[in-house]
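Novice: Each residue of the sequence shown is one higher than the one before, counting from 1 in the UniProt record's numbering. Input: one structure, supplied below.
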Amino acid sequence: MTASAELPFIPARYYARLAELLVARGQDAQAVLAVAGINEGVLAAPEGRLTLPQVEALIAEVYRVAPNIPWAFELGRSLKLSSHGMLGYAMLSSPNLDYVFQLLARYFRIIMPTFRLQYRRASEHDEVLLSVTAKLSAQNLLFHVETIAVAWHWEILSLLQGEMPAYDLYLSIGSPRHLERYQSLKPARWHFGWPIQPGFRIVYPKGLVGRELAMADPGALQLAERQCSELAQQTLKEGRLVEWVTAMLTYSRDVITTREELADLLNISPRTLDRRLQDEGASFRELSRQIRFQRACDLLQAGQLSMLEIALELGYRDGANFTRAFRREAGCSPSQWRSHAERQIK
């Protein structure tokens, strides 16, 4: 993994709340943070950000020290609209849920870049889909899917001032040990083990998204939206686009592999993405090539997959295409490279 892929790009505010929950439960939050390599000052900073490895380490350590506490559920239950900064204020100021969901689909990466949110309107219902845009450990994935789903329930219920009809949530996680806690989350009907993709699907009855919200404020919404747009563009303003693209490609799953998809996350055109990368002395094609080669080396060294499995994992049609591409980079075949790496270890 390249050093540039370690850049901080996940907002720290949610994990600061998790640290508060640790203290409330009698745990040594400082020790947990130290194991994860997280400075308390980063959590306290309004714009503090963490790397994905730090988040992975934090979640692992939290469950190691207190495995029987439903941390994801408790964190989700404790979050409020104000927890999401400007995006939360934009949601509060929106005229209806339709506008709220459109906002979230555009700006969800501001609050959780490792996930993508989609909003779809159908003839008989409306739905929200959460999918993963980064390779997360199983534990980290389960934690965030549950946290986001529980927080989503309470926050939308709050926007509607408690007046919500029954609706359905389909989560990819299995039925949790603390299933009885979900009985209090009415009028939601919770379904676990959704097999389609990691994430969740929420189905609302037709007409709900058009309901007017009590705190709608066009002026405040315009201001909050402008700041959300500026936050989405911050990566470009800071001159860190190469680092961000490197990180997203390094951690990406199949849902994010093209420059078009990455440009969409930044609310810019692919041509603008190319131009900004060029300004920083890089190109998407070159970054993608380097990262794919590094992934190939990591998979070869791990020794758990066959050559064909590695080729398919990296997006090649067959083993022959993978071998040719690898030879261009390394000067030898993948099998020769693996043999050499195994000898080095011995």
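We treat Cβ as the ideally placed atom computed from N, Cα and C, and that holds for glycine. Just so you know, these numbers come straight off a predicted model, no measurement behind them.
(1) Do the CB positions of F108 and V132 come within less than 8 Å of each other?
(2) Determine whether the beta carbon atoms of M86 and A224 lie at a separation below 8 Å.
(3) With distance defined between alpha-carbon atoms, name the residue in N39, L79, V32 and M91 nearest to Q222.
(4) Excluding the 5 residues preceding and the 5 following P270 in the sequence, name in chain order all residues of the same chain whose CB lies nearer than 6 Å to its CB.
(5) Give me the Cβ distance between I10 and L50, rounded to the nearest whole Å; I'm assuming they're in contact under 8 Å.
(6) Would you mind sorting E128 into buried or exposed? The rule is 16 or more other CB atoms within 10 Å of its CB.
(7) Using only CA atoms, which one of A12, Q227 and A282 lies nearest to E243?
(8) On the criterion of 16 or more Cβ atoms from any shown chain inside 10 Å, does T272 qualify as buried, or is it exposed?
(9) If you draw a straight line from the alpha carbon of Y182 to that of L300, how long is it in whole angstroms?
(10) Roughly how many angstroms separate the alpha carbons of V32 and Q139, rounded to a whole number?
(11) Per DSSP, which residues does L130 bridge with? Please list them.
(12) Which residue marks the beginning of the beta strand (DSSP E) containing R189, and which one marks its end?
(13) What three-state label does DSSP hand N140 in the structure shown?
(14) Nearest to A29 by CA position, among P53, P46, R64 and A45, is which residue?
(15) Grouping DSSP H, G and I as helix and E and B as strand, with all else coil, what is H340?
(16) Is the stretch 188-199 touching the stretch 157-169, taking contact as three or more C-beta pairs under 8 Å?
(17) Would you report the Cα separation of M307 and A151, rounded to the nearest angstrom?
(18) How big is the Cα-Cα spacing for R317 and L266?
(19) Grouping DSSP H, G and I as helix and E and B as strand, with all else coil, what is I10?
(20) Would V23 be called buried (16 or more neighbouring beta carbons within 10 Å of its own) or exposed?
(21) When DSSP labels each residue in this structure, what does R49 get in the three-state scheme?
(22) Since L159 contacts V100 with CB under 8 Å, what's their CB separation in whole angstroms?
(23) For I256, which residues in the same chain have their Cβ closer than 7 Å to its Cβ, ignoring the five residues on either side in sequence?
(24) Identify whether H125 lies in helix, strand or coil by the three-state DSSP scheme.
(25) Considering just the uninterrupted stretch of the beta strand (DSSP E) at Y170, what are its terminal residues?
(26) When the Cα atoms are used, what is the spatial distance from L97 to Q304?
(27) According to the neighbour-count rule (16 or more other Cβ atoms, all chains shown, within 10 Å of its Cβ), is C332 buried or exposed?
(28) Per DSSP, what kind of secondary structure is N321 in: helix, strand or coil?
(29) Could you check what DSSP says for E329 in three-state terms: helix, strand or coil?
(30) Count the other CB atoms within 10 Å of the CB of A5; is the residue buried (16 or more) or exposed (fewer)?
(31) Based on Cα-Cα distance, which residue from F293, R338, H84 and R120 lies nearest to A302?
(32) Might you give, ordered along the chain, the residues of its own chain that have their beta carbon closer than 7 Å to the beta carbon of A188, omitting 5 neighbours on each side?
(33) Could you give the DSSP three-state label for V255: helix, strand or coil?
(34) What separation, rounded to the nearest whole angstrom, lies between the Cα atoms of S335 and R276?
Specialist: In short:
(1) no
(2) A distance below 8 Å separates the beta carbons of M86 and A224.
(3) Answer by Cα proximity: M91.
(4) R259, E260 and A263
(5) 5 Å
(6) The question names Glu, yet the displayed sequence has Val at residue 128. Classification for V128: buried.
(7) A282
(8) exposed
(9) 43 Å
(10) 16 Å
(11) L117 and F200
(12) A188 to F192
(13) helix
(14) R64
(15) Three-state result, H340: helix.
(16) yes
(17) 42 Å
(18) 29 Å
(19) strand
(20) Counting Cβ neighbours within 10 Å, V23 comes out exposed, since fewer than 16 surround it.
(21) strand
(22) 7 Å
(23) Interpretation of I256 is limited by its pLDDT of 49, a score under 50 that renders its predicted location unreliable; the figure taken from the coordinates is listed afterwards. Here the set comprises T133, M248 and L262.
(24) DSSP places H125 within a strand segment (E or B) once states are collapsed to three.
(25) Looking at the DSSP string, the run of the beta strand (DSSP E) that includes Y170 is Y167 to L171.
(26) Computed Cα separation, rounded: 46 Å.
(27) exposed
(28) helix
(29) helix
(30) Only weak support is given to the placement of A5: the predicted model assigns it a pLDDT of 41, under 50, and the value that follows is read from those uncertain coordinates. Classification for A5: buried.
(31) Selected option, being the one with the closest Cα: R338.
(32) Apart from sequence neighbours up to five positions away, the residues of its chain that approach A188 with a beta-carbon distance below 7 Å are H153, Y167 and L169, ordered along the chain.
(33) Reliability of the predicted coordinates at V255 is poor, the pLDDT of 45 falling under 50, and the value obtained from them is presented with this limitation in mind. Three-state DSSP puts V255 in coil, outside helix and strand.
(34) When the Cα atoms are used, S335 and R276 turn out to be separated by approximately 38 Å.
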